[in-house]
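Novice:
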Ligand SMILES: CC(C)(COP(=O)(O)OP(=O)(O)OC[C@H]1O[C@@H](n2cnc3c(N)ncnc32)[C@H](O)[C@@H]1OP(=O)(O)O)[C@@H](O)C(=O)NCCC(=O)NCCS
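Residue numbers (this note's numbering): 40 to 213.
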């Protein structure tokens, strides 16, 4: 039985162990880590999937403040989703979908900032409408596969065609 709770309630060391198990130790070299460098996790939107009866962490989903800087230098804030991780022994049991469904429920569809992520479109597009269609002109602070740079935003939301995705540190001192 899976319960979704705030990730902030979980010991951060357990989350690191889960991420190592799902993505391997080299995970921190991924470009996604550079997009969120220097920012603080959005606690209200970061979730854990747990088996309460056995007190086991099954999965986690983190969100971060990111921004797309357009050619004119204007920053367009977005929510960077990821990593989404399910423990290898518990994958394909609906836990990833439960985490993303809970996140999307938490957001007001019409008012939410665009959600951006680097992930498998075969999963995130199929179940949650994350698509690479509108990210073709975007760049990242490291190597990336354009097919895996995904955004989820209502069709009527205008997204810059070109821009550089990076951390959003508007509230931090320079
Ligand atoms: C990707 C991940 C979050 C999915 O969560 P999950 O709980 O295992 O998957 P769910 O149970 O919600 O969904 C299962 C369905 O998604 C499909 N699926 C799972 N991972 C997939 C992937 N990476 N690509 C395509 N389809 C995938 C399964 O085949 C299954 O489809 P089916 O119902 O038709 O059989 C999880 O497997 C994970 O943490 N993987 C390790 C990290 C990783 O490889 N991430 C790659 C994407 S960034």
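Here a beta-carbon is modelled for each residue, glycine too, at the ideal position from N, C-alpha and C. Just so it is clear, the structure is predicted and the values come from calculations on it, not from any experiment.
1) Determine the closest residue to residue 174 out of 202, 162, 166, with distance taken between C-alpha atoms.
2) If you measure from the beta carbon of residue 192 to each beta carbon in chain C, is any gap under 7 Å?
3) Please determine, among 126, 181, 193, 63, the residue with the shortest C-alpha to C-alpha distance to residue 74.
4) Indicate the three-state DSSP secondary structure (helix, strand or coil) for residue 95 in the structure shown.
5) Could you tell me if residue 117 is buried or exposed, where buried requires 16 or more neighbouring beta carbons within 10 angstroms of its beta carbon?
6) Please confirm whether any heavy atom of ligand 1 lies closer than 6 Å to the CB of residue 101.
7) I'd like to know if the region 146-158 and the region 94-101 are in contact, where contact means that at least 3 CB-CB pairs between them fall below 8 Å.
8) State the Cα-Cα distance for the pair residue 125 and residue 112, rounded to the nearest angstrom.
9) Kindly list the residues whose CB is nearer than 8 Å to the CB of residue 52, restricted to its own chain and excluding five residues on each side of it in sequence; keep chain order.
10) Give me the Cα-Cα distance between residue 204 and residue 134, rounded to the nearest whole angstrom.
11) Kindly examine ligand 1 and report whether one of its heavy atoms sits closer than 6 Å to the Cβ of residue 92.
12) Give every residue whose Cβ lies closer than 5 Å to any heavy atom of ligand 1, listed in chain order.
13) Can you give me the Cβ contacts of residue 48 inside the same chain, cut-off strictly under 8 Å, excluding the 5 residues immediately before and after it?
14) Looking at the structure shown, is residue 196 part of a helix, part of a strand, or coil, going by DSSP?
15) Could you tell me the alpha carbon to alpha carbon distance between residue 157 and residue 63, rounded to whole angstroms?
16) Which residue marks the beginning of the beta strand (DSSP E) containing residue 124, and which one marks its end?
Specialist: Checking against the coordinates, here is how it stands:
1) Closest by alpha carbon: 202.
2) Protein chains in the displayed structure number just one, and chain C is not present.
3) 181
4) DSSP places residue 95 in strand when its eight states are reduced to three.
5) Per the 10 Å Cβ criterion, buried.
6) no
7) Two segments are said to touch when three or more pairs of C-beta atoms, one from each, lie closer than 8 Å; by this definition the region 146-158 does not touch the region 94-101.
8) 37 Å
9) none
10) 28 Å
11) no
12) 61, 123, 124, 125, 130, 131, 133, 134, 135, 136, 158, 159, 161, 162
13) 87
14) coil
15) 16 Å
16) 114-125
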